[in-house]
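Numbering (our numbering), first residue to last: 3 to 226.
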């Protein structure tokens, strides 16, 4: 067996073993009990929360990330090193640290509360979870769209559209969007999966309000 085959086999074992253990534990009480558990009100509610949050975060993050990529590409914002590093901070810092810093800065008893008597309304709950997931996901969308624009963007077509009287929106819808459709789909998929898998943000901001997602619902069951 080649070296690549050995590596793939080891990866398969590492991935398969936890999944097999998880399925075995889920089926210990039989299929009927497992199905009944999956159809329970807590699971369906957590599933609805997870999917709805992921859809909203994906729509907002991809829109903002694309707008930033277009602004940099067209010179409306200077693509300086500081700007790029500022956008990448949420990617470099763990979600737990970012969420904790927001609660210390904008939550009740936080820095803004002490200095100005102002707190961020809705920080604990679905609004705060969606906001923090969006902050964390915008850089992902921006990176994907920026990389695609460096390869797929056609400046000559954009200049021709503007010379023909097309404004920024017309140029975007007729030139940029068709060229970036694949990248936008990839960015949306990446952000959606990342939002669904997030645990730290909904755990820190949603547990106190009783707002659960699938990740926070599964965790206590796995630690019993």
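The beta-carbon is built from N, C-alpha and C at its ideal position, and this holds for glycine as well.
**Request:** State buried or exposed for residue 213, treating a residue as buried only when at least 16 other CB atoms are found within 10 Å of its CB.
**Result:** buried
**Request:** Taking residue 220 as the reference, give the member of 186, 84 and 45 with the closest Cα.
**Result:** 45
**Request:** Could you check the C-alpha separation between residue 88 and residue 152 for me, to the nearest Å?
**Result:** 20 Å
**Request:** Have a look at 141, 125, 183 and 145 and flag the residue whose alpha-carbon is nearest the alpha-carbon of residue 204.
**Result:** 125
**Request:** Report all residues from its chain with a CB closer than 8 Å to the CB of residue 134; omit the five preceding and five following residues, and keep chain order.
**Result:** 97, 100, 101, 104, 203 and 207
**Request:** Following the continuous alpha helix (DSSP H) through residue 180, name the residue where it begins and the one where it ends.
**Result:** 179 to 199
**Request:** Report the residue from 130, 142, 52 and 146 whose alpha carbon sits nearest the alpha carbon of residue 211.
**Result:** 130
**Message:** What does the alpha-carbon distance come out to for the pair residue 55 and residue 72?
**Reply:** 26 Å
**Item:** Distance, residue 197 Cα to residue 139 Cα
**Value:** 8 Å
**Prompt:** By how many angstroms is the C-alpha of residue 10 removed from the C-alpha of residue 59?
**Reply:** 34 Å
**Request:** Compare the Cα-Cα distances from residue 194 to each of 12, 53 and 49 and report the closest residue.
**Result:** 53
**Asked** For residue 61 versus residue 215, is the C-beta spacing smaller than 7 Å?
**Response** no
**Prompt:** What's the C-alpha gap between residue 182 and residue 144?
**Reply:** 12 Å
**Message:** Using only CA atoms, which one of 67, 119 and 115 lies nearest to residue 192?
**Reply:** 67
**Request:** Pull up the distance between the alpha-carbon of residue 119 and that of residue 136, whole angstroms please.
**Result:** 26 Å
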